[in-house]
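Residue numbers (the working numbering): 15 to 421. Glycine residues also receive a C-beta, built at the ideal position from the N, C-alpha and C atoms. Because the structure is a prediction, the values reported are computed rather than measured. Working notes, structure below.
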C-alpha cells in the first residue's frame, strides 16, 4: 500500500495498480527504497524503549546501551527483508515496541492502543497477541476492581479499531477486501519453504494433499492455541514484566511454528522480543539470529541479495562481539560446546552448498528442506527454553508471594 502510494507520487503519469503489478523500472525501484526508508519509524520507538527499560537499572554502562540499540535497529534480517525485499515491517514492529515500552512503564491503555495499531497494519502482529492479552488480564485480575480495568482496556481497543476501520464500514465490499489483505487464508498453510512445523513435517506428511484448506486452518489453530496455553497461563498467574518479555518470545515462536499461512519473513516477529532480551539472553539472541538468517537465505538468494546478506551478517558479528561489551556467558560442558560448534559448522556448509551445488533433479528442493529442518530444530529449542524461563519466573513469583504472606 505504502509502496504503491510512493509510486504514484514519483510516477504520477502511471496508474497505481499498473505500476505496482507487473511494471518495473529504475524510478519504481527508487521510489520503493524511499518509501521503505520512510517506514523506518521504529527508531523513535526503540529510543523510547531504551529510556523505559534502563530507567530503573543502576550501573549500566553506556557501551551496553549503545550495543543494545544497535542489536535491535541493525538486525540483519530486518534490514534485508524490509530494504531488500521491499517490506514495511518496521512500521508494525515499531508500533509493537512502542506498545511494549508503554506496558513496561505501566501505561497499559497507551500500550493497548499501540498494539491495536500494529495489529491493523500487519496481521502478523497477532503473534504477540497471546502475551499482551495474558499479561494485561493477569494484571487486571490483581486489581481491586478487575472488571473496571478490563472494561477500560476493551474500550480503548474497540475505539482504536473503530477509528481505523471507519472509512470502510460503510462498504461491505471494501471491508471484506481489507480483511482479505489482513488475513490471506487463500494462500495456503505456508509459502515456499519456511522453517515451521507444517513445512518441515511435510517431508513425511503431505498436509496439503491429505487435508482441505479448511481442515488445515482448524488443525493449525488447535496446534497454535495448544502451544500458547502454557505461556499464557504462566503470564496470567505471574504477570511480571520480565515474564511478559519472555512471553512475547514464546508466543511469537508458537505462531511462527504452528499457525496458518507463515512466510519466511515471519521470523522477524520472534526476533523482536529476542532483540529486546539481548542483554539478558545474549546467546539466545545470537542463536536465533544465526538460524533466522539461514532460514531466509534461500529467499534472499532468489532476490540476488547474497552480497548484502554477507555484508550485513559480518557487520552483525562485529557489533555483537564489540570490545567493551561484557555479555553474560553460558556455562556448558564439552558435549554442548561441541554440539554448538557442529551446528554452526553445518550452517556455514549449507550456505556454501546452496550457492555452488546443484540439487538432484528428482529432489529439486532438497537443500531447502535440509535448511528448514535444521532451523526448525533450533527454533524448537529456543521455544522450550523461553517457556522454561517463564516457569522459573512463575516459581520465583510464587515464592515471593508466599514470603509476603508469612510476613
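Query                                                                                                                             : Result
DSSP bridge partner residues for residue 276 (one or two, in chain order)                                                         : 204
Length of the line joining the Cα atoms of residue 84 and residue 77                                                              : 10 Å
With 16 other Cβ atoms within 10 Å as the buried cut-off, status of residue 163                                                   : buried
Beta-carbon contacts of residue 333 that lie in its chain and below 6 Å, excluding the five residues immediately before and after : 84
7 Å Cβ shell around residue 214 - same chain, five flanking residues per side excluded                                            : 386, 387, 390
DSSP-derived helix/strand/coil call for residue 136                                                                               : coil
Endpoints, alpha helix (DSSP H) assigned at residue 142                                                                           : Per DSSP, residue 142 belongs to no alpha helix (DSSP H) and is neither H nor E.
C-beta contact flag for residue 115 and residue 125 at 9 Å                                                                        : yes
Extent of the continuous alpha helix (DSSP H) run through residue 209                                                             : No alpha helix (DSSP H) holds residue 209; DSSP gives it neither H nor E.
Collapsed DSSP secondary structure at residue 180 in the structure displayed                                                      : coil
Residue environment, residue 191, which counts as buried when at least 16 other CB atoms sit within 10 Å                          : exposed
CA nearest to the CA of residue 203, picked from 195, 194, 216, 309                                                               : 216
Closest residue to residue 300 among 330, 321, 173, 319 (Cα-Cα distance)                                                          : 330
Between the CA atoms of residue 220 and residue 153 - distance to the nearest angstrom                                            : 43 Å
Helix, strand or coil at residue 408 [DSSP, three-state]                                                                          : helix
Residue 91 versus residue 71: straight-line alpha-carbon distance, rounded                                                        : 29 Å
Closest Cα partner of residue 309 within the set 97, 206, 193, 188                                                                : 206
Residue 97, DSSP secondary structure in three states                                                                              : helix
For residue 145 and residue 35, the rounded distance between their alpha carbons                                                  : Because the pLDDT of residue 35 is 45, which lies under 50, any placement of that residue in the model is unreliable, and the number read from its coordinates should be weighed accordingly. Cα to Cα, the separation comes out at about 37 Å.
beta-carbon residue 285 near the ligand FAD non-hydrogen atom, thresh 8 Å                                                         : The model on display carries no ligand, and the ligand FAD is accordingly not part of it.
Selection from 63, 375, 395, 322 that minimises the alpha carbon distance to residue 264                                          : 395
Rounded separation between residue 398 and residue 120 - CA only                                                                  : 28 Å
9 Å Cβ cutoff met for residue 326 and residue 93                                                                                  : yes
Beta-carbon proximity check, residue 111 vs residue 86, cutoff 9 Å                                                                : yes
Delimiting residues of the alpha helix (DSSP H) encompassing residue 117                                                          : 103 to 118
Three-state secondary structure (DSSP) of residue 335                                                                             : coil
Exposure label - residue 403; buried when at least 16 CB within 10 Å                                                              : buried
Cβ contact (3+ pairs, closer than 8 Å) linking the stretch 311 to 328 and the stretch 404 to 411                                  : no
From 365, 371, 287, 312, residue whose alpha carbon lies closest to that of residue 142                                           : 287
Segment limits, alpha helix (DSSP H) that includes residue 239                                                                    : 227 to 251
Cβ shell of residue 400 (< 6 Å), same chain only, five flanking positions each side left out                                      : 260, 263, 264
Unbroken alpha helix (DSSP H) run spanning residue 319, endpoints                                                                 : It is not in any alpha helix (DSSP H) - residue 319 carries neither H nor E in the DSSP assignment.
Euclidean distance between Cα positions of residue 246 and residue 148                                                            : 5 Å
Residue 154, DSSP secondary structure in three states                                                                             : helix
Residue 171 versus residue 180: straight-line alpha-carbon distance, rounded                                                      : 14 Å
Residues near residue 79 in its chain [Cβ-Cβ closer than 7 Å; skip 5 each side]                                                   : 64, 68
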